[in-house]
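To start, the structure itself, in structure tokens.
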Amino acid sequence: MMADIVSVERAEAPWWSSAGTIPGLPPIMACIGLLALWEVVARWYGLNGLPPASAALPQIPEILTDKESLIDIADSLRRMVTGFALALIFAVPAGLAMGRSKHVAAFFNPLLMVIYPVPKAALMPIIMLWLGVGDASKTLVIFLGVTLPLIYHSYQGSRAVEEKLLWSAAAMGLSAPARLIRIVLPAALPEILVGCRTGLVLALITMVTSEMIARQTGIGNIIFVSLDLGVYDRVYAMIVIIGALGFILDVIFESMRGRLVAWAEPSQAIVVGTT
Amino acid sequence: MISIDRVSKQFETSRARRHLALSDISLSVARGEFVSILGPSGCGKSTLLYIVGGFVEQSSGAVIVDDNPVTGPGPDRGPVFQEFALFPWKTVLGNVMYGLDQRGMPKDEALARSRELLTMVKLSGYENFYPKELSGGMKQRVAIARTLAYRPNILLMDEPFGALDAHTRTKLQNDLLGIWEKDRKTVLFVTHSVEEAVFLSDRVVMMTSSPGRIKDIIKINLPRPRERAALLLNRRYQDYVVEIEKMMDEQPETRVS
Ligand SMILES: Nc1ncnc2c1ncn2[C@@H]1O[C@H](COP(=O)(O)OP(=O)(O)OP(=O)(O)O)[C@@H](O)[C@H]1O
Ligand SMILES: [Mg+2]
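See below:
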């Protein structure tokens, strides 16, 4: 059952990050192609509410120099980072413990099964009743969105740790808790980082959707206020900014991941690359 | 001193099926004795070593090491696993130093000892390589150095020279014998090679499979220190090898019970 979960989440990972492409050129070509298509479709069909790229893109520098919207974007990012960090603190230890103890796994597994199919953003109205429309509920939703892939991958990574590594460490005198931190954690790190990458994308998605429902500040707020006002140029400019944000975060994360687990066997690296 | 007393091990392979891997094994290994275990694949050699190491629990019987029953792993018994089990996130040097750091040895002392061991296993120059960058034989040599580093009283070696070429193998056999003759560790040594067993051991334990039992124990009365080149011409050495090889051939093929 859990295996299905991961395949769904892996499918959601961004297509542009697949390994093996020449860095730089193909993504740029793809972007140009997409922009051209957008321009052509918008001009030929003249859909109501779809401005051509040439009208939307000039809005981007305007948004990025406007103090109000910068504050909104910073608010969003702050919630995203907080939610992600909290998920990291909770999910990694929980997942590692699940992988090493049948009892812990038996406790968490049913819980995860129940939470998994629930769209996290759909919980937003309920959570707002408890925590209000402010930061707390949005951060909680991001936390929930990131926790699942992270806990799952930590669990898998921890379960796959070779028994003899733990035995070797035990013979050197490492206690069980020390083995969890000094053997299981590093051995599972490649897999944990796969979870982090999926989690990063999900954090971005839940961040925007949470702001869609509880409008107040943030990137989602800019989009939907502009939509209400009929300023479609701005809506599309904002969508492009979100896409670019996701891309930049992924590139930064991947270069960091590459350095952290350079020691890993190539087989593990391929699993990561072929999301 | 290791005393294995009527140890049996039964694995629960699936819901209803059980597999008797070891049946009623009794063996005493004196302090400083070098004992090899020979037997067909799957006869339970590794399992026996794991039980002595405290990694796997026996189904019945007891293992006593220096008057204490074995209840878990400890730094007095150093394993070298068939699968190397190097820490992949540590460099060669980091792997060898791991046990020394754990014991609280000062850094420079640990570094000196680790380098010395790496020279012995012919891996100086590879200090900063990661395990994934090494060949099978090199990994095995790192694993041996890593265990020797923290100076366990008892070495539990599971086919430690299995992945090596003939030349390195001979070289390391000589080195191991050299180390052993110096500080007389107790060694329990699993191997597939009859020559290796006879060359190294005080006694050779022969096992049969399904279930794993001790078939025979042969005392090797050859003078020490042993010299490989001289031994190869030694009539008694040749007789031991031939005799043990004959006995191995008498063994029935491994069957699944
Ligand atoms: N964890 C396990 N669960 C079930 N059966 C096991 C387990 N470990 C070992 N066995 C069984 O116990 C028997 C002995 O295995 P063991 O690994 O000790 O053999 P071995 O003599 O070391 O073989 P080899 O020379 O090939 O390494 C085998 O039949 C194996 O199938
Ligand atoms: Mg074995």
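Protein chains in written order, with our numbering: chain U, -12 to 262; chain A, 90 to 346. Backbone N, C-alpha and C define an ideal beta-carbon position, used for all residues, glycine too.
Output the distance between the C-alpha atoms of A:R166 and A:H281, rounded to the nearest integer angstrom. 22 Å
I need the straight-line Cα distance from U:M111 to U:L172, nearest angstrom please. 33 Å
With H, G and I counted as helix, E and B as strand and the rest as coil, what does DSSP make of A:R106? coil
Three-state class that DSSP yields for A:M336 in the structure shown: Of the three classes helix, strand and coil, the one that applies to A:M336 here is helix, per DSSP.
Count the other CB atoms within 10 Å of the CB of A:Y198; is the residue buried (16 or more) or exposed (fewer)? Sequence check: residue 198 of chain A is Glu here, not Tyr. Exposed: under 16 other Cβ atoms inside 10 Å.
Could you tell me whether any non-hydrogen atom of ligand 2 is closer than 7 Å to the CB of A:D247? yes
Report yes or no: is there a C-beta of chain A within less than 8 Å of the C-beta of U:G217? no
So is the beta-carbon of A:S135 under 7 Å away from any non-hydrogen atom of ligand 2? Under cutoff, so the answer is yes.
Between A:T136 and the rest of its own chain, which residues show a CB-CB distance below 8 Å, the 5 nearest in sequence each way excluded? K98, A110, L111, V145, G301
For U:T185, count neighbouring C-beta atoms within 10 Å of its own C-beta (all shown protein chains included) and say buried if the count is 16 or more, exposed if not. buried
Any non-hydrogen atom of ligand 1 within 7 Å of A:F100 CB: Result yes, Cβ under 7 Å from ligand 1.
Terminal residues of the continuous beta strand (DSSP E) containing A:F100? 91 to 101
Do A:Q171 and ligand 1 come close, with the Cβ less than 7 Å from some heavy atom? yes
Between the stretch 180 to 194 of chain A and the stretch 136 to 153 of chain U, are three or more C-beta pairs nearer than 8 Å? no
Tell me, to the nearest whole angstrom, how far the beta carbon of U:V133 is from that of U:A190; I am working on the premise that it is less than 8 Å. 5 Å
I'd like to know whether the C-beta of U:S145 is nearer than 8 Å to at least one C-beta of chain A. no
Contiguous alpha helix (DSSP H) assignments of at least 4 residues, all confined to the stretch 118 to 178 of chain U: 122 to 146, 150 to 158, 163 to 166
Need the endpoints of the alpha helix (DSSP H) that U:P48 sits in, please. 46 to 52
Alpha helix (DSSP H) runs wholly inside the stretch 262 to 290 of chain A, at least 4 long, in chain order: 283 to 289
Going by DSSP in three states, U:T261 sits in which element: helix, strand or coil? Confidence at U:T261 is low in this model, with a pLDDT of 34, below 50, so its placement is unreliable and the value that follows should be read with caution. The answer is coil: DSSP assigns U:T261 none of H, G, I, E or B.
Find the nearest neighbour of A:I306 within the set A:I91, A:G150, A:V96, A:S125, judged by alpha-carbon distance. A:S125
Near-chain A residues of the stretch 173 to 188 of chain U - C-beta to any C-beta below 8 Å: P173, A174, L176
Beta carbons nearer than 8 Å to chain U: which residues of the stretch 182 to 193 of chain A have them? Y187, G188, Q191, R192
So is A:W178 in contact with chain U if we call contact Cβ pairs under 8 Å? So yes, A:W178 belongs to the interface.
Chain-ordered neighbours of A:R230 on chain U, where CB pairs are closer than 7 Å: Ordered by position in chain U, no residue passes the 7 Å Cβ test against A:R230, which lies about 15 Å from the chain.
Nearest residue (CA-CA) to A:P164, options A:M186, A:P177, A:Q191, A:D156: A:Q191
With a 10 Å radius around its C-beta and 16 neighbouring C-beta atoms as the bar for buried, classify A:K271 as buried or exposed. exposed
Just to confirm the assignment, what range does the beta strand (DSSP E) spanning A:D247 have? 243 to 247
Which residues does DSSP pair with A:F218 in a beta bridge? A:F218 is not bridged to any residue.
Return the Cβ separation of A:K274 and A:N242 in integer angstroms, given the expectation that the two are a contact with Cβ distance under 8 Å. 6 Å
Can you find a heavy atom of ligand 1 that lies under 7 Å from the Cβ of A:S125? no
I'd like to check one pair, A:S117 with A:R95: are the Cβ atoms closer than 8 Å? no
Return helix, strand or coil for A:I309, following the three-state DSSP convention. Secondary structure of A:I309 (DSSP, three-state): coil.
Report back the beta-carbon spacing between U:R87 and U:S41 to the nearest angstrom; my notes put them in contact at under 8 Å. About 57 Å; that fails the 8 Å criterion.
Contact set between A:G142 and chain U, taken where Cβ atoms lie within less than 8 Å: Result: W154, A158.
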